[in-house]
Amino acid sequence: MIDRLTGFKGVRAGRAFALLAALFVLTFGIMVVLIAIDQQRVLDSTTRLQEQTVPEIIRFQRLARNLEQLRQEGERVFAAITPQARQQAMFVVTLVASHPSVLEHRESAELARQTERFLADVVRQSVRDDKALASSFEEWQRMAARLGLLVDDVSIQGINLASNDLGDVSAAMNLARIKLSVALLVVGVFLVLFLVLLRAHLIHPLQRIDQALSTLSVDQPLPAFKPAAMVEIQAVEEAIGELHDSLVRNEQARLALESLANKDGLTGLTNRRHFMQIADAELQRAQRYRRPVTVGMADLDFFKKVNDTYGHAAGDTVLRAFAGLALETLRQSDLICRYGGEEFAFVFPESTLDEAARLAERFRASCAEHDIRLADGQLVRVTLSMGLADASDCPLETALNQADAALYDAKQQGRNRVVAAASLPVGE
Amino acid sequence: MLFPIRILTIVLLIVAGLAPAAQAANEKALRVAVLENSPPMAYRDASGALTGFSVEIIRALCEEMRVVCAYQVTTLDSVLDEIAAGEIDIAAISLLDTPERRARILFAKPYFRSISLWFAKPGIEPGQAKVRVAVVRGSAQERFARSKGWETVAARTNGELAEPLRAGVAQAAIIPMSTGLNLMKNPEFRQLELVSTVMNEPELGGDASFGISPRRPELKEQIDAALERIKRNGTYDRINSQFLPFRIN
Chain W
1 MIDRLTGFKG VRAGRAFALL AALFVLTFGI MVVLIAIDQQ RVLDSTTRLQ EQTVPEIIRF
61 QRLARNLEQL RQEGERVFAA ITPQARQQAM FVVTLVASHP SVLEHRESAE LARQTERFLA
121 DVVRQSVRDD KALASSFEEW QRMAARLGLL VDDVSIQGIN LASNDLGDVS AAMNLARIKL
181 SVALLVVGVF LVLFLVLLRA HLIHPLQRID QALSTLSVDQ PLPAFKPAAM VEIQAVEEAI
241 GELHDSLVRN EQARLALESL ANKDGLTGLT NRRHFMQIAD AELQRAQRYR RPVTVGMADL
301 DFFKKVNDTY GHAAGDTVLR AFAGLALETL RQSDLICRYG GEEFAFVFPE STLDEAARLA
361 ERFRASCAEH DIRLADGQLV RVTLSMGLAD ASDCPLETAL NQADAALYDA KQQGRNRVVA
421 AASLPVGE
Chain Y
429 MLFPIRILTI VLLIVAGLAP AAQAANEKAL RVAVLENSPP MAYRDASGAL TGFSVEIIRA
489 LCEEMRVVCA YQVTTLDSVL DEIAAGEIDI AAISLLDTPE RRARILFAKP YFRSISLWFA
549 KPGIEPGQAK VRVAVVRGSA QERFARSKGW ETVAARTNGE LAEPLRAGVA QAAIIPMSTG
609 LNLMKNPEFR QLELVSTVMN EPELGGDASF GISPRRPELK EQIDAALERI KRNGTYDRIN
669 SQFLPFRIN
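Residue numbers (this note's numbering), protein chains in the order written: chain W, 1 to 428; chain Y, 429 to 677.
Listed below in structure tokens is the structure:
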């Protein structure tokens, strides 16, 4: 889901997160610019309110004041006791009705002009006829009422100018608030996305890697990784695979070295040093459990003559063939070792001297009939002499010495035979 | 060795800081020309102190600009020369816009709007032959009447504008609305039984401004800003109500 969402497959973590950050900065930057535009609108509106609308409102208020003054002077025209006072009030009416402040407002100019004309007529008639004032008063009251309404209208018109600007400001502020909310939402979404990606592509893989490393061993198979998206994680996981391979190879090398150290290079049989260790262990085990065990020493008869006749390479072939035959003929549990030169040592676990003697005899017999093919195709046969000694009640060295002594007896008695220590030869 | 140098530096800095301040204090005493017999715009009250709409407006402006203003009395016919010569910084007189004035002085933002009236016996119309027209010397009204080829009688001040009419030297007068308001309060003037007609010619009405010396162009901005402020904070309207029956801006 996340992989498809972001298409992060095989992308470097640094690059991916840089891309995400750039996208974030771009988006957030755009939001900030949009909000800044709204703020500019608010600033413009308030500046306009301050520099244009407020003087305009004051102008409307003054106009309203003048219209009200016009009405009052009109009242004064009717209320005046003397013609002089009436004339004075009429003069002010004329001035107000002619003043640019009234003339520049069409509606006011019209009504002021009407008022002036009406009042001028009234004043003119009043000079000739005292009743003119009284007869016109009703009409004046209607006109005064119109003036009063116009005063209200003009006041409201002025105030409404501010309403427009303030409406503009509040609209801009509302828009800015919405944009700010969206910007915060965008920040939140990016943060969540970032955390999800961090979890999916870095934290989880790192946890898997930690798990894999803590359980990594030669005995366990290589833990299977789900294919990771991040190149870095892939690299680490591949490195873990290589580490596992290397562990396995090291273990193989260690085992190879160990077996090299324990084996005779020519025949592949256990060498003398290793034989002494495992034979000793075998003897101790047998003696602890009071089990029979027998050791043997064998020597190839006239081996020097084989070497002299066919060469050393042939001698080596013979030794290898002999070793192969021994492993083939004797039991799996029997220990066989190249003791030195053409001399071999044996341990027959769970075998009494008689049983071992029968085994050895069978081996001697098969050896004597076994044709060994040399490198040049010639066939040779070798015989062996073997001495056996019971080892169930004495140290290894002692038993081997006894077996060696028996071997010596076997040689003395004419070779190609098995002799048990302190007993007669068991066969030819 | 370092110590005296440091003290010297500090002293120098203080002196350097004080010098422009002292200079500024001198410069701040603005020379303001006002009229003294032009009620209700500029006149002497019962105690002899200068007052009137224009006078109080310039006082409010000086206060708003936080400058000290030194007032001197002048007349309309000489103010243009004085201001052009740099003898005064501000002419706190309602000046209508004329080409001659505009060529010689700077105008501040208009501080009110005026109209002019034709005062004459009934039947005497503007432009009528053998009618001598009273005007204030150096006024826009004088300029207008002369440009029309009318015969004029020049009064020195607005306060004296009724004299030629009363004496019969002039049969009509072109009178600014403020002066007209004042004259109409005067019973003697009313006894002349003149009728007034508003003159709609643009050169006789409209914006009236203070004049500023062309040598102090920086004052214009300050005065305009201060005027804007007193219009907003109510000072202007209070002065308006004090001297005139309606809003003249």
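All C-beta atoms in this analysis are idealised placements derived from N, C-alpha and C, irrespective of residue type, glycine included. Because the structure is a prediction, the values reported are computed rather than measured.
Whether residue i touches residue j by CB criterion (8 Å)
| i | j | result |
| --- | --- | --- |
| Y/Val564 | Y/Leu589 | yes |
| W/Val380 | W/Tyr310 | yes |
| W/Leu111 | W/Leu147 | yes |
| Y/Leu609 | Y/Pro468 | yes |
| Y/Ala498 | Y/Val460 | yes |
| W/Val189 | Y/Arg660 | no |
| W/Pro292 | W/Ser351 | yes |
| W/Val96 | W/Glu73 | yes |
| Y/Gly634 | W/Pro83 | no |
First and last residue of the uninterrupted alpha helix (DSSP H) at residue i
| i | result |
| --- | --- |
| W/Ile278 | Arg272 to Arg288 |
| W/Trp140 | Lys131 to Leu198 |
| W/Pro205 | His204 to Thr215 |
| W/Cys337 | Per DSSP, W/Cys337 belongs to no alpha helix (DSSP H); it is in the beta strand (DSSP E), Leu335 to Gly340. |
| W/Thr309 | Phe303 to Tyr310 |
| W/Met386 | Not the alpha helix (DSSP H): W/Met386 falls in the beta strand (DSSP E), residues Leu384 to Asp390. |
| W/Arg117 | Arg106 to Arg128 |
| W/Thr94 | Pro83 to Ser98 |
DSSP state of residue i mapped onto helix, strand, coil
| i | result |
| --- | --- |
| Y/Gln451 | The predicted model places Y/Gln451 with a pLDDT of 47, which falls under 50 and marks its position as unreliable; any figure quoted below should be read in that light. Helix. |
| W/Gly427 | Because W/Gly427 carries a pLDDT of 45, less than 50, the predicted location of this residue cannot be relied on, and the following value inherits that uncertainty. Strand, per DSSP. |
| Y/Gln500 | strand |
| W/Thr46 | helix |
| Y/Met605 | helix |
| W/Phe322 | helix |
| Y/Arg494 | coil |
| W/Asp219 | coil |
| Y/Tyr471 | strand |
| W/Arg41 | helix |
| Y/Ile667 | helix |
| W/Leu5 | In this prediction, W/Leu5 scores a pLDDT of 46, lower than 50, which makes its location untrustworthy; the coordinate-derived value is nonetheless stated afterwards. Helix, per DSSP. |
| W/Ala410 | helix |
| Y/Phe540 | strand |
| Y/Arg459 | strand |
| Y/Lys576 | coil |
Nearest candidate by alpha-carbon position, reference residue i, set the options
| i | options | result |
| --- | --- | --- |
| W/Cys367 | W/Glu282, W/Met386 and W/Asp354 | W/Met386 |
| W/Asp299 | W/Leu325, W/Val196, W/Leu330 and W/Tyr339 | W/Tyr339 |
| Y/Glu579 | Y/Glu591, Y/Thr585, Y/Ala601 and Y/Leu504 | Y/Ala601 |
| W/Leu206 | W/Leu184, W/Met230 and W/Leu175 | W/Met230 |
| Y/Ala520 | Y/Pro673, Y/Leu655 and Y/Thr663 | Y/Leu655 |
| W/Ala18 | W/Ile233, W/Phe194 and W/Leu150 | W/Phe194 |
| W/Ala120 | W/Ala89, W/Ala422 and W/Asp308 | W/Ala89 |
| W/Ala127 | W/Ala80, W/Val169 and W/Leu150 | It should be pointed out that residue 127 of chain W corresponds to Val in this sequence rather than to Ala. It is W/Ala80 whose Cα lies nearest to the Cα of W/Val127. |
| W/Ile233 | W/Asn416, W/Leu34, W/Leu198 and W/Gln252 | W/Leu198 |
| W/Phe118 | W/Trp140, W/Glu258 and W/Ile336 | W/Trp140 |
Contact set between residue i and chain Y, taken where Cβ atoms lie within less than 9 Å
| i | result |
| --- | --- |
| W/Arg15 | Here the premise fails: no neighbours, minimum Cβ distance about 58 Å. |
| W/Val54 | Arg660 |
Residue i - containing beta strand (DSSP E), residue span
| i | result |
| --- | --- |
| Y/Ser544 | Ser544 to Ala548 |
| Y/Ile651 | Where Y/Ile651 is concerned, there is no enclosing beta strand (DSSP E), although the alpha helix (DSSP H) it sits in stretches over Glu646 to Asn661. |
| Y/Thr625 | Val623 to Met627 |
| W/Pro349 | Glu343 to Pro349 |
| W/Thr294 | Val293 to Leu300 |
| Y/Asp635 | Gly634 to Ile640 |
| Y/Ile518 | Ile518 to Leu524 |
| Y/Glu579 | Glu579 to Ala583 |
| W/Leu359 | Looking at the DSSP string, W/Leu359 is not in any beta strand (DSSP E); the run it does join, the alpha helix (DSSP H), is Leu353 to Ala368. |
| Y/Arg560 | Arg560 to Val564 |
| W/Val419 | Val418 to Ala420 |
Within-8 Å CB hit, residue i to chain C
| i | result |
| --- | --- |
| Y/Lys648 | Within the model displayed, chain C is absent; protein chains W and Y are what it includes. |
Where residue i meets chain Y, residues with beta-carbon distance less than 8 Å
| i | result |
| --- | --- |
| W/Gln87 | Met612 and Arg618 |
Contacts of residue i in chain W (Cβ-Cβ under 7 Å)
| i | result |
| --- | --- |
| Y/Ile658 | Those do not exist, as Y/Ile658 stays about 11 Å from chain W at its closest Cβ, beyond 7 Å. |
| Y/Met469 | Correct list: empty, because the minimum Cβ distance to chain W is about 14 Å. |
| Y/Asn677 | Arg62 and Ser101 |
| Y/Pro673 | Gln69 and Val92 |
| Y/Phe511 | Contrary to the premise, residue 511 of chain Y reads as Ile rather than Phe in this sequence. Chain W residues near Y/Ile511: none, gap ~26 Å exceeds 7 Å. |
Proximal chain W residues relative to residue i, where beta-carbon distance stays under 8 Å
| i | result |
| --- | --- |
| Y/Arg594 | Those do not exist, as Y/Arg594 stays about 17 Å from chain W at its closest Cβ, beyond 8 Å. |
| Y/Gly633 | Pro100 |
Partners in chain W for residue i, counting only beta-carbon separations shorter than 9 Å
| i | result |
| --- | --- |
| Y/Met493 | Chain W residues near Y/Met493: none, gap ~19 Å exceeds 9 Å. |
Within chain Y, partners of residue i - CB distance below 7 Å
| i | result |
| --- | --- |
| W/Ile156 | Result: empty, since nearest Cβ-Cβ is about 18 Å, beyond 7 Å. |
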